[in-house]
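Below: one structure, written as structure tokens.
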């Protein structure tokens, strides 16, 4: 599961991906929700040339740490990168709903529907 959250940690977009695929494959779907953002914060899994190009096309600054195997390590603003914990806190708030945490829904569409429902509840809080 991949998510885009706003500066307050509220969900903007949630997409499901296959379990054993790289995170960068879903970035096109995710970045559509980040249009107009000044900064895009992500973890090292999103450190690819394609992702960085898409973020630049949005006119945003990529705050993504470089992977260790990257030849030229990019310098990022560590203070700004600390805000990435808002994504992790969003997932923690999702897990407060037992049905989501234990994954009672057997199909992906029902599971995503429950995620959208819980996300709406989080927006209302």
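Numbering (my numbering), first residue to last: 430 to 554. We put the beta carbon where it would ideally sit given N, CA and C, even for glycine. Nothing here was measured: the structure is a model prediction, and the numbers come from that model.
Enclosing beta strand (DSSP E) for residue i [first to last residue]
i: residue 431; result: 431-434
Rounded straight-line distance, which links the Cα of residue j to that of residue i
i: residue 459; j: residue 431; result: 8 Å
i: residue 521; j: residue 498; result: 30 Å
i: residue 505; j: residue 541; result: 33 Å
i: residue 450; j: residue 508; result: 30 Å
i: residue 552; j: residue 465; result: 20 Å
i: residue 535; j: residue 548; result: 19 Å
i: residue 496; j: residue 474; result: 8 Å
i: residue 523; j: residue 544; result: 8 Å
Host alpha helix (DSSP H) of residue i (start-end)
i: residue 509; result: 507-510
i: residue 514; result: 514-524
i: residue 539; result: 537-553
i: residue 456; result: 456-460
Inter-residue CB distance, residue i and residue j (contact presumed, cutoff 8 Å)
i: residue 516; j: residue 492; result: That pair is no contact at about 12 Å.
Chain B contact for residue i (CB, 7 Å cutoff)
i: residue 487; result: Reference to chain B is not applicable here, since this structure consists of a single protein chain.
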